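Student:
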Amino acid sequence: MGLEEKFWRVNADIKERGFAQVQYDVSRADLVHAAEAFIHFLGAHESLKRTLSLPRAVEGDVDLGYIRRTKDENRYEPKEFFHYAPVIDTLAKDIDDFRVRNFLKHARFVYTHAQGLLEELLDCVSARQPGLKEKFIQDGESKSYLRFLCYPEGEGMAAKGHYDKGAFTLALAESSPGLHIEDTPANNCENCAIIMPGITSTEVAPGLRWDKSWHYAVYDGKPYRQGVGRWAIVFFSNDLNQRLIPPEETHTRVPRKDF
Ligand SMILES: [Fe+2]
3 MGLEEKFWRV NADIKERGFA QVQYDVSRAD LVHAAEAFIH FLGAHESLKR
53 TLSLPRAVEG DVDLGYIRRT KDENRYEPKE FFHYAPVIDT LAKDIDDFRV
103 RNFLKHARFV YTHAQGLLEE LLDCVSARQP GLKEKFIQDG ESKSYLRFLC
153 YPEGEGMAAK GHYDKGAFTL ALAESSPGLH IEDTPANNCE NCAIIMPGIT
203 STEVAPGLRW DKSWHYAVYD GKPYRQGVGR WAIVFFSNDL NQRLIPPEET
253 HTRVPRKDF
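So the mapping is simple: our numbering equals the position in the sequence shown, first residue as 1, plus 2.
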C-alpha cells in the first residue's frame, strides 16, 4: 500500500472511531522479548535503576528513564515504568550490568522503528501541512519517547480513562488485550501499531482535524505471570514545543468535536 493510500485509510479510521491500525515492522515476538527484558531490568537493585532516572529539565517535558509510582501518590495506581529516548544511552554508557544493557538494546530497537513509523506518517501529513515534520524533528532533536509500563500483580492494574498529553500515540503492545479507545476495544495485530491522537494533535496539526481520543485499559484479572500483573509498550510523539497540560485536561472527558 502506498503512502498516500495509507494516509487516507488512517485518516478515515481516526475520524470514525478515534484510532487506526498501521503497519509496524517489529513482530509481536520481538515486542514480548523487549517487555521481558524490561521485567528483568525491574529485578535490578533500586539504586541501580535510579541511576537511570532523568528528571525533566523544562516544565512541559516528561521525566525520562526509570520511574516508580506508588499508590498513595494522588491519582496513580502503583506501577513502574521507563521512558526511553536516545539520551538514556548516554546516561547508561558506563553501566556494566547485563540487565541494563540488554533492556536498552531492546528499547533502542523498538524506539527506532516507532520513530521511523512516526516520520513516515509525518511525511504523509506534511504534504498537506508543510512544516509539520519540523515541529517534531529538528537537527536530529525529538521529544518522542517510548514507555515501558509494568503493573504489579494485584488490584488496580488497569489504566483509568484519560487523553494523552502529546500529539500522537502509537500503542505497540500489551500483555493481553485491554486497551479501549473511544469505548471500542483496540487490539494490536501482528506487525501493526495502533495510532491515536492526543490533546495537542489539533493544535500542532489543525489541518488534520483529528480530535483527541479518550482511552482506558481494562484488565481480565489474569496476571501475566507471578508478580507481574500487566505490561504495555507505548510510543509518544510530542512536538518540540509541547505545552504544559494540567491533569484536569487529561482526565476530564469532553464530547468529541464534529469537525
Ligand atoms: Fe494513554
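Just so it is clear, CB atoms sit at the ideal spot from N, CA and C, and this is done for glycine as well. Given the structure is predicted, the values throughout are model-derived calculations rather than measurements.
(1) Assign Thr171 to buried or exposed, taking buried as 16 or more other Cβ atoms, counted over all protein chains shown, within 10 Å of its Cβ.
(2) Does the distance between the C-beta of Asp166 and the nearest non-hydrogen atom of ligand 1 fall short of 7 Å?
(3) Does the separation of the CB atoms of Tyr26 and His108 fall below 8 Å?
(4) Using the Cα positions of Phe84 and Ile69, report the straight-line distance between them to the nearest angstrom.
(5) Which residue comes first and which comes last in the alpha helix (DSSP H) that contains Ala175?
(6) Can you find a heavy atom of ligand 1 that lies under 7 Å from the Cβ of Thr254?
(7) Hey, how far is the Cα of Lys214 from the Cα of Arg227?
(8) For the alpha helix (DSSP H) containing Ser49, name the first residue and the last one.
(9) Need the endpoints of the alpha helix (DSSP H) that Trp10 sits in, please.
(10) When the Cα of Ser178 is compared with those of Glu6, Ala234 and Pro257, which residue comes out closest?
(11) The alpha helix (DSSP H) spanning His108 covers which residue range?
(12) Any heavy atom of ligand 1 inside 7 Å of the beta-carbon of Thr171?
(13) Could you tell me the boundaries of the alpha helix (DSSP H) in which Leu93 lies?
(14) Could you say which of Ala22, Arg149, Ala59 and Gly133 lies nearest to Pro208 if we only look at CA atoms?
(15) What do you get for Leu54, buried or exposed, if any count of 16 or more other CB atoms within 10 angstroms of its CB means buried?
(16) Name the two residues that bound the continuous beta strand (DSSP E) containing His182.
(17) Smallest Cα separation from Leu33: which of Ser128, Arg149, Leu120 and Val89?
Tutor: Taking the structure as given:
(1) buried
(2) yes
(3) no
(4) 6 Å
(5) Where Ala175 is concerned, there is no enclosing alpha helix (DSSP H), although the beta strand (DSSP E) it sits in stretches over Phe170 to Glu176.
(6) No, since every heavy atom of ligand 1 falls outside the 7 Å radius drawn around the Cβ of Thr254.
(7) 33 Å
(8) Glu48 to Arg52
(9) Leu5 to Arg19
(10) Ranking Glu6, Ala234 and Pro257 by CA distance to the CA of Ser178 puts Ala234 first.
(11) Phe100 to Ser128
(12) Under cutoff, so the answer is yes.
(13) Val89 to Leu93
(14) Here the closest residue by C-alpha is Gly133.
(15) buried
(16) Leu181 to Ile183
(17) Arg149
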